[in-house]
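Worksheet for the structure shown next.
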Amino acid sequence: MKDLREFHRRDFIKATAGAAVALSPILARIAAAADAGIKIGVIGSGHVGSAIGKVWATAGHPVMFASRNLDHDKQLAAGIGANASAGTPAEAAAFGEVLLLAVPYGALPELGKALAPAIKGKVIIDACNPFPNRDGEIANRARDEGVGKVSSELLPGARIVRAFNAIGAADMGAAHEQPGKVGMPIVGEDKQAIEIASALILEVGYVPVLVGGLDRGRYLMPGTPLSGEHSPEEIRKIVAAL
Ligand SMILES: NC(=O)c1ccc[n+]([C@@H]2O[C@H](COP(=O)([O-])OP(=O)(O)OC[C@H]3O[C@@H](n4cnc5c(N)ncnc54)[C@H](OP(=O)(O)O)[C@@H]3O)[C@@H](O)[C@H]2O)c1
Numbered sequence: 227m228k229d230l231r232e233f234h235r236r237d238f239i240k241a242t243a244g245a246a247v248a249l250s251p252i253l254a255r256i257a258a259a260a261d262a263g264i265k266i267g268v269i270g271s272g273h274v275g276s277a278i279g280k281v282w283a284t285a286g287h288p289v290m291f292a293s294r295n296l297d298h299d300k301q302l303a304a305g306i307g308a309n310a311s312a313g314t315p316a317e318a319a320a321f322g323e324v325l326l327l328a329v330p331y332g333a334l335p336e337l338g339k340a341l342a343p344a345i346k347g348k349v350i351i352d353a354c355n356p357f358p359n360r361d362g363e364i365a366n367r368a369r370d371e372g373v374g375k376v377s378s379e380l381l382p383g384a385r386i387v388r389a390f391n392a393i394g395a396a397d398m399g400a401a402h403e404q405p406g407k408v409g410m411p412i413v414g415e416d417k418q419a420i421e422i423a424s425a426l427i428l429e430v431g432y433v434p435v436l437v438g439g440l441d442r443g444r445y446l447m448p449g450t451p452l453s454g455e456h457s458p459e460e461i462r463k464i465v466a467a468l
């Protein structure tokens with residue numbers, strides 16, 4: 227993972243150079259690729275969560291996987307190695323300085339309530355997409371009112387960045403093998419959260435491209451022009467035409 231970390235550091239420093247804000251302690255640690263890494267709670271350890279969490283753990287971040295099946299997550303963590311662990315969603319939410327949510331959208335209302343104290347103020351990378359057939363009425367609401375807005379309501383106080391929504395999970399675990407080729411459209415409101423998420427997205431091998439605020443989350447859905455794999459430049463062209 228040395229190459230990946232070096233790629234990440236180089237691009238991260240380039241991306242943040244000239245930023246008006248001082249680096250927060252968490253960002254400074256990412257930028258320095260501090261030995262201890264950034265503690266990440268991955269809630270939802272299926273196709274998306276396991277692929278991305280494995281890359282982060284292998285890159286040196288302590289990652290706790292969670293779902294409703296602790297045995298599955300213990301096995302997953304044991305297969306990944308020393309940086310990976312397993313816990314309940316509440317434990318992962320408390321553990322992570324940054325959280326990746328990769329559950330069916332229909333789980334968010336309940337999870338948001340259950341995890342409310344732990345997620346307040348935390349950076350959450352929200353990969354969850356609403357599909358009415360799978361997720362029920364909340365998915366219709368998210369599609370009607372805007373998925374970014376509804377995620378914000380369901381995860382109150384969290385600093386949400388929506389990312390990993392429009393790319394198939396099958397490619398997520400291998401993107402770091404050819405880093406920098408594929409862009410990752412993201413949306414968010416909180417500048418620092420965007421920077422933190424961007425640094426972690428770079429580590430997965432994608433180049434983050436900010437599409438706008440959470441209200442633009444609807445453009446990151448499967449089936450939209452931004453879905454699938456595009457170079458960062460292609461993403462910028464698609465975004466310019468939105
Ligand atoms: N698959 C893709 O290509 C892809 C790409 C981009 C985005 N997405 C979106 O990312 C999310 C995850 O997709 P996926 O393909 O990884 O799904 P998945 O393989 O079905 O995994 C979902 C994970 O969430 C856990 N989960 C479900 N309900 C939960 C709850 N109430 N509390 C805690 N954990 C819960 C599941 O474990 P248990 O059921 O055992 O709890 C499982 O670990 C979805 O919203 C999806 O639309 C998927």
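Sequential numbering of the sequence shown, starting at 227, is according to our numbering.
Think of the CB as a built atom: it goes at the ideal place given N, C-alpha and C, for glycine as much as any other residue.
Quick caveat, the model's predicted, so the values are computed rather than measured.
Environment of residue i [buried if 16+ CB atoms lie within 10 Å]
| i | result |
| --- | --- |
| Leu436 | buried |
| Arg360 | exposed |
| Asp370 | exposed |
| Asn309 | buried |
| Lys280 | buried |
| Ala344 | buried |
| Asp297 | exposed |
| Gly305 | exposed |
| Gly307 | exposed |
Residue i versus the options, residue with shortest Cα-Cα distance
| i | options | result |
| --- | --- | --- |
| Glu379 | Pro434, Ile420, Lys463, Lys346 | Lys346 |
| Gly372 | Leu326, Glu323, Tyr445 | Tyr445 |
| Gly439 | Ala285, Gly414, Leu428 | Gly414 |
| Ile412 | Val465, Ala368, Gly449, Gln404 | Val465 |
| Pro358 | Leu341, Pro335, Lys348, Tyr331 | Tyr331 |
| Ala419 | Gly305, Gly267, Gly307, Val324 | Val324 |
| Gly272 | Ile266, Arg388, Gly362, Leu302 | Leu302 |
| Ala333 | Gly305, Gly431, Gly362 | Gly362 |
| Ile269 | Asp397, Ile461, Ala353 | Ala353 |
| Ile266 | Ala340, Val349, Glu421 | Val349 |
Straight-line Cα distance separating residue j from residue i
| i | j | result |
| --- | --- | --- |
| Gly406 | Gly399 | 14 angstroms |
| Ile351 | Lys463 | 24 angstroms |
| Ala467 | Gly443 | 16 angstroms |
| Leu426 | Ala401 | 13 angstroms |
| Val329 | Thr284 | 22 angstroms |
| Val433 | Glu459 | 10 angstroms |
| Pro448 | Ala423 | 20 angstroms |
| Gly431 | Asn366 | 32 angstroms |
| Ile364 | Glu429 | 32 angstroms |
| Thr450 | Leu327 | 21 angstroms |
For this session: State whether the region 317-328 contacts the region 276-293, with contact taken as three or more CB pairs (one from each stretch) at a distance under 8 angstroms.
Result: yes
Exercise. Does the pairing of the region 371-389 with the region 295-314 give three or more beta-carbon distances under 8 angstroms?
Worked result: no
For this session: Check whether the region 387-395 touches the region 444-464, taking contact to mean three or more Cβ pairs, one atom from each stretch, closer than 8 angstroms.
Result: By the Cβ rule, the region 387-395 counts as touching the region 444-464, because three or more pairs are nearer than 8 angstroms.
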